[in-house]
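Take the position in the sequence shown, starting the count at 1, then add 650; the result is the number in my numbering.
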Amino acid sequence: MGENYKSLSYCKGISFTTFDNVPSEKQSNDFFDDLGGNKDNINRVMRGDNSYSWSDYGQDVLKIMYPWIACIAAALIVFILAILYRCIKKMCCKNKIKASNKYVRRTCILGTVVFTGLAIASVSILLWYTDYVYQGIQQVRCASGRIPHEIIYGSKNESWVGLDQGIADTDEVIEQLNYNFPTDTLETWAGSDWMNDADDDIETLINAYYDKYNGKQVANPNPLAAQGSTVVTNYTNHLGPTDDKETFSGIIMYESDAKLIQVIEVMIEIKNTTLDSLSQMEEITNELEESKTSLVEFKNGTEDINDHIKDWILDQNEWVKGSWNVMYSSEMAIGYIILSSTILTLTIVLLGLYRHAKFLHCCWIFFGFLGVLGFIATTLIVGASVGLHDSCRFAKDAITTKGLHEYTVLFPEDTADYLNVCFNEDGDLAKYLNLTEELSYAYAILNMSSEFQNYDINATYLTTFESVKINEKAATFYQTNYLYTVDPSVSEEDQPATVLALLNSWSNYDYDDNSLQKVEGKCTTFSVDEWVIEESQCEDGYTYVNSSDPSNNVGKPSCLVLTEWTSENVTSRYSGYLQCSAVNPFNTVENTILQYHNQFVVYMESVDTLFTQISGDLVALNTALVGYGDKTAKQAEKAEYYFNVDLADLMNALFGQGTGLLSELNCGFIKSIYDDLNTSVCKNVVPSMLFLFTFGTILSISALLLMFTNLYLSRRLRKPNLLRF
């Protein structure tokens, strides 16, 4: 990327602002148009067809200067006549001195004061606008030098890498594409064919798990239900579908997609894009060579423009600076001389110091010479101003599409098309040179790389599936918490909690005030047994009794664990002990307790069987997903190295901040520099030149008038008595 333009030797301290207190561009245009300025003349020179040359243009400008050349001649004649008049008077009328007319004398004294004031004011204004012109010329140097310099070397503050860097980037891209890119690409994707079917395989694994257990049921715990009837579990009823991330299998699918499938799909897209580009590599590099040739052509043409600007403007600075110093110093000196001359003149005249009359002779000669010199200077200013004015008018046509192709003296033919992109189109040189299309695959890789960077490719992350853990915890919970295993949608009488409550209502006389043993069985000899799923659920006051002594503590508060008691144990505990009425549907209370116990144990065993299988399949599913996660992490690590290391030089040459061929090749910025140039010449220099011309003319006329007043006063200053009031 190029340097800041203010670091250029000819731009230090330059700021592009419109000067205050100068005529408007329209006023200066109108004035110089009236003088005879013609924008078409410079246009004709710049066409380079030899029909109209700089010499011809100089002749036309000279014609415009004829009236001021006539003024020079007139001033010179007046000056010479004044000298002759004074010399003749001195020779032939040496002893004949007329008394001065008091009115004329006083008028000359007053005129001297007034004309001196005009001259001093003019000098002051000339000093001001001389400095303006110099500043404007420095702006012109900076702006005109910046255009080719920044086109070639780049602009620090714009999206423009410069032709030099652009050519170097193109060479780098061609080298990378010919050598490193193919090798690195093939190495990166070697052994990655597993990715092609990975997304389908992962989805198949999860769908297979879902299909196997979706709606899976367990034995109905209710002994009153039809034999062999089943109920759906909470887990299997909410297992799917897999595309619903609120379900158990859905969260596995969702996590697998976010962690694995999306990363794999991005890598597949990158792989296909990069491998496809290898087959087009020869065509791409050939097109890049053509683009490089175009950039070199643009650079060579711009260097020609730079040479013109260097010859016409940049290398003239010493002359410009010297001229400004001479002009500024001369104006200062003229101002001091005019002021001091007038003071001494008035002193000599008013005090009647006739012995110093020779000083007055020097003064009127100086003023006469100054008048002639002033008209010469204003004439030169007219010529220069007309030329600059015509240049302003030409500048507006120069950068049109037609002008860039027509004015071959300024714009070489091999730069016109490129400059037209910069001035009249969007400035996107990469698009114009077809680089955007030639390197479209690079944009795709860049976008996919950016997308790839959004994913977490940490191996631990890719091999850890929280969704599977959630499923495993759910399976464990439903396998051990039998009262909650059945889905809530199942009818109340088939819910495990309801069935267990009924069992205890039949086995425990004191279960509640309306226990079935008490109300339905009307037992006279009763049991106070509480059946639980595990010993830790035994209530206070109930003694734990195992099946080793079935009749132990019968009739007293006892706690029995369902799975520890067989049918024989249950029959042994209650048979012959309970004295109750017959009941439905199982005839006796002891048989009813046995049926409820047996069916609930069948239910528990079926739950254990189902969720043991589920847990095993979850382990297998997790192992498979971890395997894919491990392969994904390893391939992602290779892809990351591919982007960050293997393709670093290529991507930097294409998209690097401040150096990228595709990201930093927009030359539209030169329009603003050209506007600065136009402002410098047309809004600063030319209007300031108008003031130089105006007040230079006033100074010249004032000097000639001072010549006359001083000539008169010097002629009359001979005897003291002649000048007394």
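The beta carbon of each residue, even a glycine, is placed where N, CA and C say it ideally should be.
Only a predicted model underlies this, so the values are computations on that prediction, with no experimental measurement involved.
*asked:* Under DSSP, the beta strand (DSSP E) around S880 begins and ends at which residues?
replied: Start at 1 with the first residue of the sequence shown, and residue 880 comes out as number 230. Correcting the residue type first, residue 880 is Thr in the shown sequence and not Ser. Residues 880-882.
*Would you report the Cα separation of K1172 and V1269, rounded to the nearest angstrom?*
For the purposes of this step, residue 1172 is identified with residue 522 of the sequence shown, where counting begins at 1. For the purposes of this step, residue 1269 is identified with residue 619 of the sequence shown, where counting begins at 1. Spanning the two alpha carbons is a distance of roughly 52 Å.
*Taking all protein chains shown into account, do 16 or more other C-beta atoms lie within 10 angstroms of the C-beta of A1232, making it buried, or fewer, making it exposed?*
Here residue 1232 is taken as the residue at index 582 of the sequence shown, counted from 1. By the neighbour-count rule (16 or more Cβ atoms within 10 Å), A1232 is not buried but exposed.
*Taking all protein chains shown into account, do 16 or more other C-beta atoms lie within 10 angstroms of the C-beta of W1014, making it buried, or fewer, making it exposed?*
The count along the sequence shown starts at 1 and reaches residue 1014 at position 364. By the neighbour-count definition (other C-beta atoms within 10 Å, threshold 16), W1014 is a buried residue.
*Quick one: grab the DSSP three-state call for L1054.*
The sequence position of residue 1054 within the sequence shown is 404, counting from 1. Assigned with DSSP and collapsed to three states, L1054 falls in helix.
_Sequence-distant residues of the same chain with beta carbon closer than 8 Å to M741, five excluded per side_ = Counted from its first residue, the sequence shown places residue 741 at position 91. Residue placement at M741 is poorly supported in this model, since its pLDDT is 45, which falls under 50; the coordinates still yield a value, given next. Within the same chain, M741 has no close Cβ partners at all.
_Short Cβ contact (8 Å threshold) for M1339 with S1035_ = One-based indexing of the sequence shown puts residue 1339 at position 689. One-based indexing of the sequence shown puts residue 1035 at position 385. Less than 8 Å divides the Cβ of M1339 from the Cβ of S1035.
*Among L989, W1215, R791, Y707, which one has its Cα closest to the Cα of I959?*
Here residue 959 refers to the residue found at position 309 when the sequence shown is read from its first residue. Among L989, W1215, R791, Y707, the Cα nearest to that of I959 is on R791.
_Alpha carbon of L641 to alpha carbon of E837, nearest angstrom_ = The structure shown does not extend to residue 641, since the chain is modelled only from 651 through 1375, so no value can be given for it.
_Buried/exposed call for Q930, threshold 16 Cβ in 10 Å_ = For the purposes of this step, residue 930 is taken as residue 280 along the sequence shown, with counting starting at 1. It is exposed - the Cβ of Q930 has fewer than 16 other Cβ atoms within 10 Å.
*Buried versus exposed, by CB contacts within 10 Å (16 or more), S772*: For this step, residue 772 is matched to residue 122 along the sequence shown. Burial call: buried.
_Going by DSSP, what residue range makes up the alpha helix (DSSP H) through Q1249?_
The residue you call residue 1249 lines up with position 599 of the sequence shown. Segment 1239-1291, the alpha helix (DSSP H) holding Q1249.
_For L1210, report the span of its alpha helix (DSSP H) as first-last._
Numbered from 1 along the sequence shown, position 560 holds the residue referred to as residue 1210. Per DSSP, L1210 belongs to no alpha helix (DSSP H); it is in the beta strand (DSSP E), 1208-1211.
*Indicate whether the contact test is met: 3 or more Cβ pairs, each with one atom in the region 1091-1098 and one in the region 1341-1361, closer than 8 Å.*
No, because fewer than three Cβ pairs between the region 1091-1098 and the region 1341-1361 fall closer than 8 Å, the two stretches do not touch.
*By a C-beta neighbour count over all protein chains shown, 10 Å radius and 16 as the cutoff for buried, is Q1145 buried or exposed?*
On the sequence shown, position 495 is the one that residue 1145 refers to. A residue is called buried when at least 16 other Cβ atoms come within 10 angstroms of its Cβ; Q1145 meets this threshold and is buried.
*Looking at the structure shown, is L1372 part of a helix, part of a strand, or coil, going by DSSP?*
Here residue 1372 refers to the residue found at position 722 of the sequence shown. Confidence at L1372 is low in this model, with a pLDDT of 42, below 50, so its placement is unreliable and the value that follows should be read with caution. Here L1372 sits in helix by DSSP.
_Stretch pair the region 1247-1262 + the region 1068-1083: three plus CB contacts closer than 8 Å_ = No, because fewer than three Cβ pairs between the region 1247-1262 and the region 1068-1083 fall closer than 8 Å, the two stretches do not touch.
*Could you spell out where the alpha helix (DSSP H) holding V1071 opens and where it closes?*
Here residue 1071 refers to the residue found at position 421 when the sequence shown is read from its first residue. Per DSSP, the unbroken alpha helix (DSSP H) holding V1071 starts and ends at 1063-1074.
*Buried versus exposed, by CB contacts within 10 Å (16 or more), Y1362*: Taking the sequence shown and counting its residues from 1, one reaches residue 1362 at position 712. Counting the other Cβ atoms within 10 Å of the Cβ of Y1362 gives 16 or more, which makes it buried.
*Cα-Cα, which of Y782, G812, D893 is closest to R796?*
Your numbering for residue 796 matches position 146 in the sequence shown. Nearest in C-alpha terms to R796, of all of Y782, G812, D893, is G812.
_Cβ neighbours of P1200 in the same chain (closer than 6 Å, five flanking residues each side left out)_ = Stepping through the sequence shown from its first residue, residue 1200 is reached at position 550. Close CB contacts of P1200 within its chain, under the 6 Å cut and outside five residues either way in sequence, are with N1219, S1222, R1223 (chain order).
*Do W810 and C1332 come within 8 Å of each other at the CB atom, strictly closer than that value?*
Residue 1332 sits at position 682 when you count from the first residue of the sequence shown. Residue 810 sits at position 160 when you count from the first residue of the sequence shown. Cβ distance not < 8 Å, so C1332 and W810 don't count as in contact.
*Helix, strand or coil: which one does DSSP assign to N1158?*
Along the sequence shown, read from residue 1 onward, the residue named residue 1158 stands at position 508. When DSSP states are grouped into helix, strand and coil, N1158 belongs to the strand group.
*Quick one: what does DSSP say Y829 is sitting in, helix, strand or coil?*
One-based indexing of the sequence shown puts residue 829 at position 179. If DSSP states are grouped into helix, strand and coil, Y829 belongs with the helices.
*Based on the DSSP secondary-structure assignment, which residues constitute the bridge partners of Q1307?*
The sequence position of residue 1307 within the sequence shown is 657, counting from 1. According to DSSP, Q1307 bridges with nothing at all.
_I need the boundaries of the alpha helix (DSSP H) containing A869, first residue and last residue._
Indexing the sequence shown from 1 puts residue 869 at position 219. Per DSSP, A869 lies in no alpha helix (DSSP H) segment; the continuous beta strand (DSSP E) that holds it begins and ends at 867-869.
*Taking 8 Å as the cut-off, decide whether the C-beta atoms of G1033 and V711 are in contact.*
The residue labelled residue 1033 in the question sits at position 383 within the sequence shown. The residue labelled residue 711 in the question sits at position 61 within the sequence shown. Contact: yes.
*So is A1286 buried or exposed if we call it buried at 16+ other beta carbons inside 10 Å?*
Numbered from 1 along the sequence shown, position 636 holds the residue referred to as residue 1286. By the neighbour-count criterion, in which 16 or more other beta carbons inside 10 Å mark a residue as buried, A1286 falls on the buried side.
*If you scan the region 926-978 from start to end, which runs of the alpha helix (DSSP H) of 4 or more residues do you find wholly inside it?*
Runs of the alpha helix (DSSP H) inside the region 926-978: 931-962.
*Within 10 angstroms of its Cβ, does E1088 collect 16 or more other Cβ (buried), or is it exposed?*
Here residue 1088 is taken as the residue at index 438 of the sequence shown, counted from 1. Buried is the call here.
*Take P1207 and list the residues in its own chain whose beta-carbon comes closer than 7 Å to its own, dropping the five residues that flank it on each side.*
Here residue 1207 is taken as the residue at index 557 of the sequence shown, counted from 1. Around P1207: V1178, G1191, Y1192, T1193.
*For L1315, does the three-state DSSP call read helix, strand or coil?*
For this step, residue 1315 is matched to residue 665 along the sequence shown. It is a strand residue.
*Could you have a look at D849 and say whether DSSP puts it in helix, strand or coil?*
The residue labelled residue 849 in the question sits at position 199 within the sequence shown. Reduced to three states, the DSSP call for D849 is helix.
*C-alpha distance - D706 paired with N936, whole-angstrom precision*: For the purposes of this step, residue 706 is taken as the residue at position 56 of the sequence shown. For the purposes of this step, residue 936 is taken as the residue at position 286 of the sequence shown. If I take the Cα positions, the gap works out to 48 Å.
*Ordered along the chain, which non-local residues of its own chain (more than five positions away) have a Cβ less than 6 Å from that of D1280?*
What you label residue 1280 is simply residue 630 of the sequence shown in a count that begins at 1. Taken in chain order, the residues that qualify are T1113.
*How many angstroms separate the CA atom of D1299 from the CA atom of L945?*
Here residue 1299 corresponds to residue number 649 of the sequence shown, with the count starting at 1. Here residue 945 corresponds to residue number 295 of the sequence shown, with the count starting at 1. Near 21 Å, if we compare the C-alpha coordinates of L945 and D1299.
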